[in-house]
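A short write-up of the structure that comes next.
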Amino acid sequence: MLVSGAALLLACAAFFAYDLYTFRVGIVHNLSTEAKIIGSNTVSALVFNDPHAAENTLSALKASPHIVYAAIYTSDRQPLAGYWHEVNGNPLPLPPIPAGQTQAHWFNGGQIALVDSIVFQGKPTGFVYIRSDLQEINDRLRSYAFITAAVLLISLVVALLISRTSQRVISEPVVQLAQTVRIVSRDKNYAIRAAATGNHDEVSTLIESFNEMLGQLQQRDTALHQAHDELEHRVLERTTQLAVANKQLDLRNREVERATKLKSKFLASMSHELRTPLNAIVGFSDLLAEQTAGELNDKQQRFVGHIKQGSAHLLQLINDILDLSKIEAGQLELRRENFQVSSALPEVLSTIRPLAMAKNIQVEFTLKTERSVYADRVRFKQILYNLLSNAVKFTPKGGSISIDCFEKENFIGIAVTDTGIGIRAEDQKVVFEEFRQVEGSADAPVEGTGLGLAITKRLVEQQGGRISLESVVGQGSRFTFTLPSVSQASNAAQTGASVPAAIPLSGGREKPLVLIADDEASARELLASYLEPQYRTVMVESGSEAVRKAQQLLPDAITLDVLMPGGSGFETLVALRRTPETANIPIILVSISDQKRVGFALGAADYLIKPIRKPVLLETIRKHVLPYTDDDATILLVDDDPSTLELLEETLRSAGYETQSVRSGARALEVLSSKVVSAVLLDLLMPGMDGFEVLRHIRQEATLKELPIFVITGKSLTKEELALLNAETQALFQKTGSWHQQLIAELERVFHEGKLAKSAGIY
Amino acid sequence: MWRGHCALLQLTIVGVSWLLFGWSSMLGQQKPNEYQVEAAYLFNFGRFVEWPAKVATAQGNSFTICILGEDPFGSTLDATLAGEAIGGKNVVAKRISIPQESVDCQILFLSAKEAGRLNKIMEVLDKGAVLTVSDIPHFSQRGGMIQFVLEGNRIRFEVNLTATQRAGLTLSSELLKVATVVRRNPAGGD
Chain G
1 MLVSGAALLL ACAAFFAYDL YTFRVGIVHN LSTEAKIIGS NTVSALVFND PHAAENTLSA
61 LKASPHIVYA AIYTSDRQPL AGYWHEVNGN PLPLPPIPAG QTQAHWFNGG QIALVDSIVF
121 QGKPTGFVYI RSDLQEINDR LRSYAFITAA VLLISLVVAL LISRTSQRVI SEPVVQLAQT
181 VRIVSRDKNY AIRAAATGNH DEVSTLIESF NEMLGQLQQR DTALHQAHDE LEHRVLERTT
241 QLAVANKQLD LRNREVERAT KLKSKFLASM SHELRTPLNA IVGFSDLLAE QTAGELNDKQ
301 QRFVGHIKQG SAHLLQLIND ILDLSKIEAG QLELRRENFQ VSSALPEVLS TIRPLAMAKN
361 IQVEFTLKTE RSVYADRVRF KQILYNLLSN AVKFTPKGGS ISIDCFEKEN FIGIAVTDTG
421 IGIRAEDQKV VFEEFRQVEG SADAPVEGTG LGLAITKRLV EQQGGRISLE SVVGQGSRFT
481 FTLPSVSQAS NAAQTGASVP AAIPLSGGRE KPLVLIADDE ASARELLASY LEPQYRTVMV
541 ESGSEAVRKA QQLLPDAITL DVLMPGGSGF ETLVALRRTP ETANIPIILV SISDQKRVGF
601 ALGAADYLIK PIRKPVLLET IRKHVLPYTD DDATILLVDD DPSTLELLEE TLRSAGYETQ
661 SVRSGARALE VLSSKVVSAV LLDLLMPGMD GFEVLRHIRQ EATLKELPIF VITGKSLTKE
721 ELALLNAETQ ALFQKTGSWH QQLIAELERV FHEGKLAKSA GIY
Chain B
764 MWRGHCALLQ LTIVGVSWLL FGWSSMLGQQ KPNEYQVEAA YLFNFGRFVE WPAKVATAQG
824 NSFTICILGE DPFGSTLDAT LAGEAIGGKN VVAKRISIPQ ESVDCQILFL SAKEAGRLNK
884 IMEVLDKGAV LTVSDIPHFS QRGGMIQFVL EGNRIRFEVN LTATQRAGLT LSSELLKVAT
944 VVRRNPAGGD
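Chains as they are written, first to last, in the numbering used here: chain G, 1 to 763; chain B, 764 to 953.
Following this line, the structure appears as structure tokens:
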């Protein structure tokens, strides 16, 4: 309604305005015409100066009631005749026409005034001045407005009537429909239907379609609900199933956990149980073989040899099996650190050398990189030892083995090459498998456990490296393994950050240096093997070299072979004694022949006759290198296993120490409270008070705080235990191999340190 | 003595005015305004009258207003006609002495002195298409076309339509509007 009314009004106003404009223009036009007519009809009156005639003409204007005033003026602008519609008055002054125009008009005061110039035959003859009122226009406006109003009103009424009807027919049903839609969507009730109108028009079609749609919606909605319910049911089922499955899995998990725990416990205890007696076997047979308990005849030596071999093999086997189990159980603990290959190699080499020498095999080591390797030191040595021992095993007499250490991208690679019998292609595939061994031949009987390479492979891979094999039958084999390396930058930080190894090496700088002079390589090697790892060794081939090196290195002792070409031992001895720097170095003469008197006369510290037995050599060296050995030093041995005790006693005594043995932790504490000892060798797994407790007690005692404690155990240690022991003890030995040599070295080292400290007044 | 001077002064003033009056008369304008108006009328008559086509073309490129007999206008007529044109033709004044010379004239003014010979003149002019104008009394009753009449102090004129029609001249209704008398003599002219 409003809209149509507004539209109408707007239209009327527009037409009105236009009409007004047109009307005004029309009025002007009409007036102009009238003026012109008047003008042309008064020409002669103007020309012949006849006012009457002009008046006559003007009087015709009576017929136009709107003309208020009209007058004729001469070309001098003087009035000739005038006409007043209402009241006669004086002629009005003639308004001037603007230049350039013949006519002008003005609207003012409700009238329109028009002046037209009369031109007859090209000559301006006079002027017509007409004034008209605007009555007509106003009347017209009024009637127009009236009509407009009337039309507007009628139209609105009509519109109202029509809209009422249309509302009934169209908008009401539509509004109702909209309402229905709203209700349906609000209540989600699809059962509702819109009411039909009864007409057969477009709106009812719409309503029908809408109802149809609602019907479909209802169907779908029902279907949806059903599906939803079903789904819920299924989900519930599935959830229950899952819960059951979970429970089962849980149980199984727990079982698995238990099994794993048992396995670990087994490993831990087995480790100890197996190793302890085996240790006794190996240790004692070693001692027997070294003839520390007395000389053996040939047969006895052979028997002991067999025992040693057998036990060594058994020990190896047990170690391997335990290792492998640990690796399989994922319990291999690697203590990785950065270290130089060149620092880890010597130990391995020293163990290998005797074996190699026995078969006259040359061993060479080439280092092509300065970078450190990031690995577990012990395991690294294990890997190397495994590969090297294999190489020695399978290389015939007179062969050679070379170890190359090189850089490969971010890895350090080590290749062990031998000139052995090689491995057949089909065997190459299986060598790394457990319990696989290559078939032996007549001069290379099968040795080893068959687990070495399997373990080696796993050790390499667990540390992030790879191992590979190249071999040609009859020519030799090369085993290459890689381990992650570290850049030079971190090299500097490595030494401080590393976790100490299970078997700490004696700090190189602490170990005494022994210069070995002998022209025979084998003899040198032998002595070196006896002396390592307790001492550092440097070997020279001749007397003159011995003198030079002695001056250069200032060793703590020199072993000097007497029968040497190019300056016999005696001459060298004299030379050394004469040189002021080397004069005080104890020189131990070694010879096949007995020329002791000459030797001592010339100033030798001692004289040993070949073949030299290891303990003899060690003792002699020790006597002269560490002349301040405190002979009163007693070492307390704590272990519940008598055989271990005896082993320790023998080992230490042969090295010149006094010992006292106790079989329990409690007893150990008793002894410690009543007696001063210089060191304690402590077992960990003991009934009653175990090693850890003893350790704790000892460390709590103020007087015993500085007491050197060495732990010897067959137990596989956890990281925490290891850390504790490293913090509290001087050294830790594990009964895995020939640890007793290490032991002596460690003891010496610790005592040496202690002595230095004492002499420096620290104690 | 004063009285004697006064009288002399008065006499002098009167004498001077007489002289002045007489002086201006001697300038030769008998009734200057009257003939100026009539000259203007003569010219303007030409604007409200149509001559027959053949006559108009025959009379060439000038619109001639002739004066027969004694010329009462003098230079006034020429001054009034100077630079004017009727129907694109230059308006010139011409003085003639015999009516036969009026063949080139569109308008002919007969001076009042010719009143005696009027009939003879009208005979001659009867054949032509000349608009005859005069201030001879009863001119329009005697066959003349336009007669000047003095009403009060205004110059009016009478028109003899019969005469104009006989000459083939068409007079504008405008002209007739301002004429005092319009004679239509169905019985013909005198």
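Each residue gets a CB set at the ideal place from its N, CA and C atoms; glycine is no exception.
Assign Q595/G to one of three DSSP states: helix, strand, or coil. coil
Are the CB atoms of A71/G and P96/G within a distance shorter than 8 Å? no
Using 8 Å for Cβ pairs, my map puts A45/G next to V941/B. What's the rounded Cβ distance? 6 Å
Since G801/B meets chain G, which of its residues come closer than 9 Å, beta carbon to beta carbon? The sequence given here has Glu at residue 801/B, not Gly. Ordered by position in chain G, no residue passes the 9 Å Cβ test against E801/B, which lies about 11 Å from the chain.
Chain B within 8 Å of F23/G, Cβ atoms only: no
Are the CB atoms of V304/G and A280/G nearer to each other than 8 Å? no
Can you list the residues of chain G that R810/B reaches, using a CB-CB cut of under 8 Å? V47, F120 and Q121
Measure the beta-carbon distance from L636/G to V677/G and round it to whole angstroms, keeping in mind my assumption that it falls under 8 Å. 4 Å
What residue ranges within the stretch 292-370 of chain G form continuous alpha helix (DSSP H) runs of no fewer than 4 residues, ordered along the chain? 298-328 and 341-358
Three or more beta-carbon pairs under 8 Å between the stretch 656-676 of chain G and the stretch 713-732 of chain G, yes or no? no
Where A546/G falls: helix, strand or coil (DSSP): helix
Counting only Cβ pairs nearer than 8 Å, list the residues of chain G close to N923/B. Result: empty, since nearest Cβ-Cβ is about 17 Å, beyond 8 Å.
Would you verify that the beta carbon of D116/G is, or is not, closer than 8 Å to some beta carbon of chain B? no
Between Q475/G, S40/G and L274/G, which lies nearest to S716/G when the distance is taken from Cα to Cα? L274/G
With a Cβ-Cβ cutoff of 8 Å, do T537/G and V514/G count as a contact? yes
CB contact flag (S264/G, Q316/G, <8 Å): no
List the residues of chain B that S44/G touches, going by C-beta distances under 7 Å, in chain order. F811, E937, L938, K940 and V941
Looking only at C-alpha atoms, which of F872/B, A892/B and G837/B sits nearest to F902/B? F872/B
Just curious, the beta strand (DSSP E) that N199/G is in, first and last residue? First-last for N199/G: undefined, no H or E at that position.
Beta carbon of S209/G nearer than 8 Å to that of A196/G: no
Are the Cβ atoms of R858/B and I830/B separated by less than 8 Å? yes
Have a look at G791/B and N49/G and give me their C-alpha separation to the nearest angstrom. At G791/B the pLDDT is 45, less than 50, meaning the model places this residue with poor confidence; the figure from the coordinates comes in the next sentence. Taking the straight line joining both Cα atoms gives about 26 Å.
With the cut-off set at 8 Å, would you say L177/G and L206/G are in Cβ contact? yes
How is the beta strand (DSSP E) around D418/G delimited, first residue to last? F411 to D418
Mind listing the chain G neighbours of N807/B? Cutoff is C-beta to C-beta under 9 Å, in chain order. S44, V47 and F48
Please state whether DSSP places M270/G in a helix, a strand or coil. helix
Can you tell me where the alpha helix (DSSP H) with S825/B in it begins and where it stops? From DSSP, S825/B is part of no alpha helix (DSSP H) but of the beta strand (DSSP E) over S825 to L831.
For L453/G, the nearest candidate out of E434/G, E746/G, D556/G and Q462/G (CA to CA): E434/G
Please work out which residues of its chain come closer than 7 Å, Cβ to Cβ, to S787/B, disregarding the five sequence neighbours upstream and downstream, and give them in chain order. Here S787/B scores only 47 on pLDDT, less than 50, and its place in the model should not be relied on; the value that follows carries that caveat. Excluding sequence neighbours, S787/B sits near nothing in its chain.
DSSP three-state label for G931/B, please. coil
Below 8 Å, how does it come out for the stretch 233-244 of chain G and the stretch 596-616 of chain G: are there three or more Cβ pairs, yes or no? no
Against chain B, does A53/G count as a neighbour if the rule is that its beta carbon must be under 8 Å from one of theirs? yes
Spell out whether any CB of chain G is found under 8 Å from the CB atom of Y798/B. no
Cα separation between V912/B and V944/B? 10 Å
Nearest to V812/B by CA position, among M908/B, G915/B and Y798/B, is which residue? M908/B
Is V460/G closer than 8 Å to R371/G when the C-beta atoms are compared? no
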